[in-house]
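These notes are about the structure you will find just below.
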Amino acid sequence: MRPERDAESTPRELQGRREQCAVECPRPEVSDRPFAVAAIVLNYRTPEQTWLAVRSLQPSPTIDRIIVVDNGSNDGSESELRRTLKDVDVLQTGANVGFPAGVNAGIRRALDAGAGAVLLVNSDVVLPPETAGLLSAALAGDSSIGIAAPVVLSRAEPDVIASAGIRFFSASGRMRHRAAGHRLAAAGPSGVHRVDAVSGCAMLIRREVFGRIGLFDEPCFFSFEDVDFCWGRDDGQADAASRLLRGAQPPA
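Residue numbers (this note's numbering): 427 to 678.
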C-alpha cells in the first residue's frame, strides 16, 4: 500500500469486476459528521512514525476513534505507543500477520464499535487535520462513492504527486500511479474523475463496502491489496468508488 513503489508493477491475478472509482482534486464543502469514522494505523516496528501518524489524526473533529494495530512488533512498540498516545485503542495481533490481516483486525474492531466508515492510514503518512472531514463529505455527498482517498504528496516536495489514483491494465495485469512525479497542478481539473483504484496509504471506506465485498485479501500480505480491494469481488455490483483530494504526505 505504498505509493512510492515502482510506478508500473504486476499484481497477482485479480478476481471479479472492478469497483468504480472517482477522484476529485478541489476541496468540497464539509458536511456535519454524516457518520462515525474510525481511523486505523498499522504499526510494525515503526513506533516513531506511527506516533506521528496518529498525532496528525487526533486534531480532526471527524474522527471518532483511532485504533493502532501492532502487528507483532515484539520490540517494545506496543508498550511505548500505549504510554505516549492518549485516547487511542491499541490492538495486538500477536505476530506479523501481514498488512491485510493486520488492518482487517482493526477493521473488525471498528465495525463492531459501530463505525460508519473506516479510514486506513499508513504509519509513514501525515494527514492534514481537515482531510478526514473532506473525505467524509465526499462519501456523504454521493452514495455511489464507497472509497475516498486523498492525492498523495511527497513530504520532501509537497507540491510533487506520489499518486493521484491508480490505473490498472487488465490485458497486461500491470498498474501505474497517475501523475506520479508531476506537480500537484497535474492532478486534473475540478470535478469527479473515475480511476481504477487508489493508493491504500490513506483511504476512507464506507461500511457498506465491507458488507458487500468483504475485508482485505490476506494472502496478498504486503502488495497490491489496495488494487485488489478497489476492484472487489465478483458479486455483480460495482458502486464502490474513490474520490481524490489533496492530502496525505508520506516520506519521500
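Yeah, the Cβ is synthetic: ideal placement off N, Cα and C, and Gly gets one too. This structure is a prediction, so every number in the text was calculated from the model and none was measured.
Classify residue i as helix, strand or coil using the three-state DSSP reduction.
i	result
I571	coil
P576	strand
A628	strand
R602	strand
P554	coil
R609	strand
A543	strand
F392	Examination of residue 392 is not possible in this model, given that the chain is present from 427 through 678 alone.
N469	strand
D643	coil
R509	helix
Between which residues of its own chain and residue i is the CB-CB distance below 7 Å, once the five residues before and five after are set aside?
i	result
T476	V467, N469, V494, L507 and S549
S486	P555, A558 and G559
N522	Y470, N497 and G498
When we look at the beta-carbon of residue i and count the other beta-carbons within 10 Å, is it buried (16 or more) or exposed?
i	result
S562	buried
D513	exposed
A606	buried
H603	buried
E474	exposed
G502	exposed
D585	exposed
S570	exposed
S589	buried
For residue i, which residues of its own chain have a beta-carbon under 8 Å away from its beta-carbon, when the five flanking residues on both sides are left out?
i	result
A536	A464, I466, R491, I493 and V544
F636	I533, L537 and V544
T519	V495, D496, N497, G498, A527, G528 and A531
S505	none
R633	F461, L537, A541, G542, A543 and V544
Apart from the five residues just before and just after residue i, which ones in its own chain have a Cβ nearer than 6 Å to its Cβ?
i	result
L630	A543, L545, L561 and A574
D515	I493
Would you grab the beta carbon distance between residue i and residue j for me? Rounded to a whole angstrom, and I think it's under 8 Å.
i	j	result
L610	I587	6 Å
L565	L483	Not really, about 17 Å apart at Cβ, beyond 8 Å.
L511	V547	Incorrect: roughly 14 Å between the Cβ atoms, too far for contact.
S551	M601	For the record, residue 551 in the displayed sequence is Val; it is not Ser. About 20 Å separates the two Cβ atoms, so there is no contact after all.
V393	G572	Here the chain has residues from 427 to 678 only, and residue 393 is not among them.
For residue i, would you say it is in contact with chain C, using Cβ-to-Cβ distances shorter than 8 Å as the test?
i	result
I631	This model lacks chain C altogether, as it is built from one protein chain only.
Contact between the region 621 to 632 and the region 568 to 586: three or more CB pairs below 8 Å? Yes: at least three Cβ pairs fall under 8 Å.
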